[in-house]
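Novice: Sending over a structure as C-alpha cells; questions will come in a sec.
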Amino acid sequence: MKHTPTAPMSTGLAALEAQLAQDLDFLELPAKSWVPERFHDGAPVRDVVVIGAGMCGLAATAKLVLTGITNVVAYDVAPAGLEGPWVTFARMQTLRSPKTLHGPSLGLPQLTFRAWFTAQWGVEAWRALDKIPRGQWMDYLVWYRKVLALPVRNSVRMTGLAPVGDLIAIDIEGAETGRVLARHLVLATGRSGLGGFALPDFLKGIDRAYWAHSADEIDFDALKGKRVAVIGAGASSMDNAATALEAGAGSVDMLIRRKEMPRINKLTGIGSQGVVLGMHHVPDAWKWKFFDYTASTQTPPPRSSTLRVSRHPNARFFLDCGIVAVREDTGSLLVETTQGPMRYDFLIAATGFSNDFNSRSEFAAIAPHIRTWSDGRYTPDMGLLRAGMSDAPDLGPAFEFRERVPGSCPMLAHIHCFNDAAMLTHGKVSGDIPAVSAGADRLVRGIAASLFAEDVETHFANLIAYDTPELLGDEWVDSTPLLQKEAAL
Ligand SMILES: Cc1cc2nc3c(=O)[nH]c(=O)nc-3n(C[C@H](O)[C@H](O)[C@H](O)COP(=O)(O)OP(=O)(O)OC[C@H]3O[C@@H](n4cnc5c(N)ncnc54)[C@H](O)[C@@H]3O)c2cc1C
C-alpha cells in the first residue's frame, strides 16, 4: 500500500523525534546508570547481553537502557533491517494485528507505530490504513532502534555458552568474533530460536529438492506450473500457498488434517490487561487449561489470507486429509493421505516451530539441564500431556530458566527465555505484538532486582561512603547553650 505524505517525511519524523526526546527528558529517562562496573581477569563484563534484535530483543534492550542498566549489548545474526520474519520468510501482505496495538512502545505514546505513521503520512492516511503492511512494520522497528540509539550489533551469531564463575561466557561469530562475558543473558531468539522447525516424521529422509518448511527461503518462481501441496491450516500455510499461486504455480492443494477449519481466534478474543498481567499468577492447572484449550481449538488463518488463496481457481482445500506417508517416485512426490494417494512436484510444510533445545548447537551446554513442564510442573490431573506444552521450559518470574537437577547448571538462573517458549509459564507477553511491552517490563524488573541483590554489599558500601552533605551546617543555630544559660540562672 502506498501512502501520500502530508508533510515532507523528515519534518514529520523530526518533530516526532523532538517530542519523544522531550518526553524522555520529562520522565528523566534513561534513568541514571546504577549497576557497578565489573571486570573478570581484567576483561570487561556486560551487565546484560541480549541475543536477538527482533521485536522482543529491541523491547528488552530499550527497557534495560531506560531503567539505567546501560552496560548492555544486543547481537543478531541477521543484517541490520532484516531481523525477525517481517521481510524475510513472512509471506503475508499485512500484519494480522490491528494497527492500533501499542507493541514495543513501553508506555511512551511517541514510540508507537501510530505516532511514527501519522508523523509521516498524516491522520487521514492513518484513518485510511486497514492493516499494517509487513514491510512497514519492519521500517518502524528500524526507526525504533535508531531513535532510541539502541546498542545492537548485527551479523553476529551466538554459537555457544559456558559458565565462568558466576558469569556467562557467550561465544560469538561473524562481524564480531570471540567471547563476551555477561552477568545476565536474554534469549530473544524468536519462534524458531529455541529449537527449530517442527517437522512431521513423514518428511524424514525426503530429498530437500522436493519440500521446504514455510520459514525456509523458497524459490517461488521455480514453482511456476508445478503441482504444489501445502500442509497445515494456519496463517503461514495460507501465506505460502498464496505466494506460490501468485508466482504462477500450476495448482496448490491445502492438505488439512482437521475436519473443519478453525474459525475463531479464541485467545485474541478474550485479550485484556487481565490476561496479560494475570496469566502468570494463576495456578499451573489454569495455565495448562487455557493453553491446552487454545492449542486444541487452534488459531484460524486470517480471513484476508484465506481469501488470497481461495480466489485462485487452481487452489483446492482438502479437509480431513491426514498424511500417512510421503515418498519420492519418478521425479515427484507420492503423498499417501487419508483421502487416497496424491502426486505433487513440491510440498511446503507450514507445520510451525518446536522448543527442542537439543536441536540447536549454541544451547548444547544448557539444553540437558533445562527444566521443562514435564519435569514436575505438569501433573496428569491437568489434562492430557500435549507435546509442545509439556516440553515448554519451566521458567521463574523473570523468565529465567530453572535447573532440572538443582546445582547442575547454576548459570541457568541468569539466562532469561524472552521468546515464544515462555508462553505457558508467562502468558503471551514475549512473542506477539500486543503485550511485548508488558513482557519487557516484567523481564527488566526481574533483572534489575537480581542485579541489585547480587551487588547489595557494594550498594551498602556506597551508602556508607556517600558523604555529600545536603545541609552545609549554616542553616540553623544550636540553641543548647541558651538552655544551659537559662538553667544556670
Ligand atoms: C510469519 C509471521 C507473521 C507474524 N505476524 C504477526 C502479527 O501479525 N501479529 C503479531 O502479534 N504477531 C505476529 N507474529 C508473531 C511475532 O510477533 C513474531 O514472531 C515476532 O517476530 C516475534 O519477535 P521476536 O523478537 O520474539 O522474534 P524474531 O522477530 O524472530 O527475532 C529473533 C531474532 O533472533 C535472532 N537470532 C536467533 N538466534 C540467534 C543466534 N544464535 N545469534 C544471534 N541472533 C539470533 C534472529 O536472527 C532474529 O532476528 C508473526 C510471526 C511470524 C513467524
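Letter by letter, the sequence shown follows residues -7 to 481 in the numbering used here. The beta carbon of each residue, even a glycine, is placed where N, CA and C say it ideally should be.
Under a three-way DSSP split, which group does Ala307 fall into?
Specialist: Taking the sequence shown and counting its residues from 1, one reaches residue 307 at position 315. Strand at Ala307.
Novice: State whether the stretch 26 to 45 contacts the stretch 170 to 181, with contact taken as three or more CB pairs (one from each stretch) at a distance under 8 Å.
Specialist: These segments touch.
Novice: With H, G and I counted as helix, E and B as strand and the rest as coil, what does DSSP make of Asp337?
Specialist: Taking the sequence shown and counting its residues from 1, one reaches residue 337 at position 345. Asp337: coil per DSSP, three-state reduction.
Novice: Applying the criterion that 16 or more other CB atoms from any shown protein chain within 10 Å of the CB defines a buried residue, is Lys55 buried or exposed?
Specialist: In the sequence shown, the residue the question calls residue 55 occupies position 63. Buried.
Novice: Please classify Ser184: is it buried, with 16 or more other beta-carbons within 10 angstroms of its beta-carbon, or exposed?
Specialist: Walking along the sequence shown from the start, residue 184 turns up at place 192. Ser184 comes out buried.
Novice: By the three-class DSSP mapping on this structure, what secondary structure does Ser2 have?
Specialist: In the sequence shown, counting from the first residue as 1, residue 2 sits at position 10. The pLDDT assigned to Ser2 is 44, lower than 50, so where the model puts this residue is not dependable; a value taken from the coordinates is nonetheless given after this. Looking at Ser2 - three-state DSSP - the assignment turns out to be helix.
Novice: Can you tell me whether Val397 sits near ligand 1, meaning its C-beta is under 6 Å from at least one heavy atom of the ligand?
Specialist: Looking up residue 397 in the sequence shown gives position 405. No, the beta carbon of Val397 sits no closer than 6 Å to any heavy atom of ligand 1.
Novice: Report all residues from its chain with a CB closer than 7 Å to the CB of Leu93; omit the five preceding and five following residues, and keep chain order.
Specialist: Sequence index remark: in the sequence shown, residue 93 carries index 101 (1-based). Excluding positions up to five away in sequence, the list reads Ile425 and Pro426.
Novice: What is the rounded straight-line gap between the Cα of Asp68 and the Cα of Ile164?
Specialist: As a first step, residue 68 must be located in the sequence shown, where it is residue number 76. As a first step, residue 164 must be located in the sequence shown, where it is residue number 172. Those two C-alpha atoms are separated by around 10 Å.
Novice: For Leu50, does the three-state DSSP call read helix, strand or coil?
Specialist: Taking the first residue of the sequence shown as position 1, residue 50 is located at position 58. Of the three classes helix, strand and coil, the one that applies to Leu50 here is helix, per DSSP.
Novice: For Thr110, which three-state DSSP category applies?
Specialist: By one-based count along the sequence shown, residue 110 stands at place 118. In the structure shown, Thr110 sits in a helix (DSSP, three-state: H, G or I).
Novice: So Pro293 and Ser229 are supposed to be a Cβ contact under 8 Å. How far apart are they, rounded?
Specialist: Position 301 of the sequence shown, counted from the first residue, corresponds to residue 293. Position 237 of the sequence shown, counted from the first residue, corresponds to residue 229. So it is a contact: roughly 7 Å between Cβ atoms.
Novice: Is it buried or exposed for Leu325, if we count other Cβ within 10 angstroms and need 16 for buried?
Specialist: Along the sequence shown, read from residue 1 onward, the residue named residue 325 stands at position 333. By the neighbour-count rule (16 or more Cβ atoms within 10 Å), Leu325 is buried.
Novice: State the start and end residues of the unbroken alpha helix (DSSP H) segment that holds Gly433.
Specialist: In the sequence shown, residue 433 corresponds to position 441, counting from 1. Residue identity differs from the one stated: residue 433 is Asp in this sequence, not Gly. Here the alpha helix (DSSP H) through Asp433 covers Val428 to Glu446.
Novice: Is the CB-CB distance between Val65 and Pro125 below 7 Å?
Specialist: Counting from one through the sequence shown, the residue named residue 65 turns up at place 73. Counting from one through the sequence shown, the residue named residue 125 turns up at place 133. For Val65 and Pro125, no; Cβs fall outside 7 Å.
Novice: Roughly how many angstroms separate the alpha carbons of Leu153 and Glu328, rounded to a whole number?
Specialist: The residue labelled residue 153 in the question sits at position 161 within the sequence shown. The residue labelled residue 328 in the question sits at position 336 within the sequence shown. Cα to Cα, Leu153 sits roughly 43 Å from Glu328.
Novice: Shortest alpha-carbon distance to Arg335 belongs to which of Glu29, Asp245, Lys281 and Gly34?
Specialist: Reading the sequence shown from its first residue, position 343 is the one you call residue 335. Nearest of Glu29, Asp245, Lys281 and Gly34 to Arg335, Cα basis: Asp245.
Novice: Leu259: which of Ala227, Val268 and Pro101 sits nearest, CA to CA?
Specialist: As a position in the sequence shown, residue 259 is number 267, starting the count at 1. Measuring from the Cα of Leu259, the nearest candidate turns out to be Val268.
Novice: Answer yes or no: do Thr62 and Ala440 have a C-beta to C-beta separation smaller than 7 Å?
Specialist: Numbered from its first residue, the sequence shown carries residue 62 at position 70. Numbered from its first residue, the sequence shown carries residue 440 at position 448. For Thr62 and Ala440, no; Cβs fall outside 7 Å.
Novice: Where does Gly226 land, buried or exposed, given buried means 16+ other C-beta within 10 angstroms?
Specialist: For the purposes of this step, residue 226 is identified with residue 234 of the sequence shown, where counting begins at 1. Classification for Gly226: buried.
Novice: Which residues in the same chain as Ala414 place their Cβ atom closer than 6 Å to its Cβ, once the five residues preceding and following it in sequence are excluded?
Specialist: By one-based count along the sequence shown, residue 414 stands at place 422. Here the set comprises Leu387, Phe391 and Ser422.
Novice: Along the chain, where does the beta strand (DSSP E) that runs through His176 open and close?
Specialist: For this step, residue 176 is matched to residue 184 along the sequence shown. Per DSSP, His176 belongs to the beta strand (DSSP E) from Gly170 to Leu179.
Novice: Ignoring anything shorter than 3 residues, give me the beta strand (DSSP E) runs that lie fully in the stretch 331 to 398, in order along the chain.
Specialist: Within the stretch 331 to 398, the complete beta strand (DSSP E) runs of at least 3 residues are 332 to 336 and 338 to 341.
Novice: Enumerate, from N- to C-terminal direction, the unbroken beta strand (DSSP E) stretches of 3 or more residues contained entirely within the stretch 184 to 227.
Specialist: Those beta strand (DSSP E) runs which fall completely within the stretch 184 to 227 and span 3+ residues are 203 to 205 and 219 to 223.
Novice: Candidates Phe444, Lys251 and Lys218: which alpha carbon is nearest Ala241's?
Specialist: Along the sequence shown, read from residue 1 onward, the residue named residue 241 stands at position 249. Cα-wise, what sits closest to Ala241 is Lys218.
Novice: Spell out the partners DSSP gives Phe31 in its beta bridges.
Specialist: As a position in the sequence shown, residue 31 is number 39, starting the count at 1. Answer by DSSP bridge pairing, in chain order: Pro36.
Novice: Using the Cα positions of Ala445 and Pro398, report the straight-line distance between them to the nearest angstrom.
Specialist: Start at 1 with the first residue of the sequence shown, and residue 445 comes out as number 453. Start at 1 with the first residue of the sequence shown, and residue 398 comes out as number 406. Roughly 21 Å between the two C-alpha positions.
Novice: Could you name the residues that DSSP lists as bridge partners for Ile164?
Specialist: Residue 164 sits at position 172 when you count from the first residue of the sequence shown. In DSSP, Ile164 forms a bridge with Met150 and Gly170.
Novice: Could you tell me which uninterrupted alpha helix (DSSP H) segments, each at least 4 residues in length, are contained entirely in the stretch 228 to 283, listed from first to last along the chain?
Specialist: You should have 258 to 261 and 265 to 270.
Novice: If you follow the alpha helix (DSSP H) that Asp131 is part of, which residue opens it and which one closes it?
Specialist: For the purposes of this step, residue 131 is identified with residue 139 of the sequence shown, where counting begins at 1. Looking at the DSSP string, the run of the alpha helix (DSSP H) that includes Asp131 is Arg126 to Val139.
Novice: Sorted by chain position, which residues of the same chain lie with C-beta nearer than 7 Å to Met(-7)'s C-beta, five sequence neighbours on each side aside?
Specialist: Here residue -7 corresponds to residue number 1 of the sequence shown, with the count starting at 1. For Met(-7), the predicted structure reports a pLDDT of 40, less than 50, and the residue's modelled location is therefore unreliable. The matter cannot be settled from this model.
Novice: Going along the chain, which residues of its own chain have a beta-carbon closer than 6 Å to the beta-carbon of Thr417, five neighbours each way excluded?
Specialist: The residue labelled residue 417 in the question sits at position 425 within the sequence shown. The answer, listed in chain order, is Leu387.
Novice: For Glu252, collect the residues of the same chain with a Cβ closer than 8 Å to its Cβ; drop the 5 residues on either side in sequence, then sort them by chain order.
Specialist: Counting from one through the sequence shown, the residue named residue 252 turns up at place 260. So the list reads Leu311, once near-sequence residues are dropped.
Novice: Does Ala66 come out as helix, strand or coil in the three-state DSSP assignment?
Specialist: For the purposes of this step, residue 66 is taken as the residue at position 74 of the sequence shown. Strand at Ala66.
Novice: I'd like to check one pair, Asp284 with Arg483: are the Cβ atoms closer than 7 Å?
Specialist: This structure leaves residue 483 out entirely; the chain is present only between -7 and 481.
Novice: Kindly list the residues whose CB is nearer than 7 Å to the CB of Arg396, restricted to its own chain and excluding five residues on each side of it in sequence; keep chain order.
Specialist: Taking the first residue of the sequence shown as position 1, residue 396 is located at position 404. Taken in chain order, the residues that qualify are His361, Ile362, Arg363 and Asp367.
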